[in-house]
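**Student:** Residue numbers (this note's numbering): 23 to 239.
Here it is, the structure in full.
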Amino acid sequence: MNVKEIGAPINGSALEQRAVKRASGDFMGKLEAAFTQGKNAFDHLFQAAGQQFQVPPALLKAIAWAESGFNPQAVSRAGAQGIMQLMPGTARSLGVTDPFNPAQNIFGAARYLRSLLDRFQGDVRLALAAYNAGPGAVQRYGGIPPYRETREYIKRVLAFIQNTGVNPAANETGATPPQFYINEAIIQAATPIQRNIPEWVKLWAEALLAEAALRIE
23 MNVKEIGAPI
33 NGSALEQRAV
43 KRASGDFMGK
53 LEAAFTQGKN
63 AFDHLFQAAG
73 QQFQVPPALL
83 KAIAWAESGF
93 NPQAVSRAGA
103 QGIMQLMPGT
113 ARSLGVTDPF
123 NPAQNIFGAA
133 RYLRSLLDRF
143 QGDVRLALAA
153 YNAGPGAVQR
163 YGGIPPYRET
173 REYIKRVLAF
183 IQNTGVNPAA
193 NETGATPPQF
203 YINEAIIQAA
213 TPIQRNIPEW
223 VKLWAEALLA
233 EAALRIE
C-alpha cells in the first residue's frame, strides 16, 4: 500500500486534514509495529483471517487483546467464549463449531467484523462498538452507545494500535493490563472515510485520524 493514497479526499475538518498529513509520515511504521508488537502463537491466524476477510490483521489482534488477552479458553460472565469472545449464538451463526479452537474463533470473529464494517459503511468506531455492545445497540442510538464499557473498549483497541510500546504478553500471564489515558477526541476525530478509497487505506485512516487527535491537543 502506498502511503500517498492517504491523500485521497476524506470527510472531516481542515484541522483534521492537516493533522492526518502530519501524522502520515509514520503511518506505515505504526501499521507494522502494531502487528509485530508482542508476537504470539496466533499471529499467523490473524494474518490469514485478515487477508481472507479484508480486515487489517493488526485490528484483529488488537480486538483479541482487548477481548481476552489472547486467551483461547476465556469465558466472560456474559458467556462470550474464546480468544475473540464470541457469544454462543453468534458463533453458531458464523459456522464456529468449537469456540475454543483459536483458528475457528479468529476466522469467525474476522468474518463477523467484516460484516459489521460493511453494515456501518466502513466506520471502524461503529464496528467496534457493535462488536462490543451488539449492532442493535448501535442502530438504536444512531451511533456509539452511551455505555462506559463500550467507549472504553474502543479506546483500548485503538490504544493497542497506537501505543506500540505496550507488551500484550502481560495479559497472557494474568498480570494487570496496561492502563491507557486517551482523550475522548480519539473517538470523535475518527470520521468515516468515503467509500471510494481502497479498503485498507480507509480502515487504517480511521486509526490514523485517532492518533492525529492526540497531536491536536
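Just so it is clear, CB atoms sit at the ideal spot from N, CA and C, and this is done for glycine as well.
On the DSSP bridge assignment, give the partners of L108 in chain order.
**Tutor:** The residue given as residue 108 occupies position 86 in the sequence shown. Answer is Q103.
**Student:** Have a look at the DSSP bridge pairing and note the partners of V97.
**Tutor:** Position 75 of the sequence shown, counting from 1, holds the residue named residue 97. In the DSSP output, where bridge partners are listed per residue, V97 has Q103.
**Student:** Step through the CB atoms of chain C and report whether any lies within less than 7 Å of the CB of G144.
**Tutor:** Among the chains in the structure shown there is no chain C, since it carries only a single protein chain.
**Student:** Would you identify the three-state DSSP class for I176, choosing helix, strand or coil?
**Tutor:** Counted from its first residue, the sequence shown places residue 176 at position 154. Of the three classes helix, strand and coil, the one that applies to I176 here is helix, per DSSP.
**Student:** Return the CA-CA distance between Y153 and L135, expressed in angstroms with no decimal places.
**Tutor:** Here residue 153 refers to the residue found at position 131 when the sequence shown is read from its first residue. Here residue 135 refers to the residue found at position 113 when the sequence shown is read from its first residue. Rounded to the nearest angstrom, the two C-alpha atoms are 7 Å apart.
**Student:** Can you tell me the Cα-Cα spacing of Y169 and L67, whole angstroms?
**Tutor:** Translated into the one-based positions of the sequence shown, residue 169 becomes position 147. Translated into the one-based positions of the sequence shown, residue 67 becomes position 45. So the two alpha carbons sit approximately 31 Å from each other.
**Student:** Determine the closest residue to P124 out of L180, S137, A70, V179, with distance taken between C-alpha atoms.
**Tutor:** Taking the first residue of the sequence shown as position 1, residue 124 is located at position 102. Residue A70 is the option with its Cα nearest to P124.
**Student:** Leaving out five residues before and five after A159 in sequence, what residues of the same chain have Cβ atoms less than 7 Å from its Cβ?
**Tutor:** Locating residue 159 in the sequence shown gives position 137, counting from the first residue. Same-chain partners within the cutoff: P167.
**Student:** By a C-beta neighbour count over all protein chains shown, 10 Å radius and 16 as the cutoff for buried, is G164 buried or exposed?
**Tutor:** Taking the sequence shown and counting its residues from 1, the one referred to as residue 164 is at position 142. Classification of G164: exposed, given that the 10 Å Cβ count is below 16.
**Student:** Give every residue of the same chain whose Cβ lies closer than 8 Å to the Cβ of A100, excluding the five residues on either side of it in the sequence, and list them in chain order.
**Tutor:** On the sequence shown, residue 100 is found 78 positions in, with the first residue counted as 1. Same-chain partners within the cutoff: M109.
**Student:** Return the chain-ordered list of same chain residues with a C-beta closer than 6 Å to the C-beta of L139, the five sequence neighbours on each side being excluded.
**Tutor:** Position 117 of the sequence shown, counting from 1, holds the residue named residue 139. Excluding positions up to five away in sequence, the list reads A149.
**Student:** Between A88 and the rest of its own chain, which residues show a CB-CB distance below 8 Å, the 5 nearest in sequence each way excluded?
**Tutor:** To locate residue 88, count along the sequence shown from 1; it is residue 66. Answer for A88: Y175, R178, V179, F182, listed in chain order.
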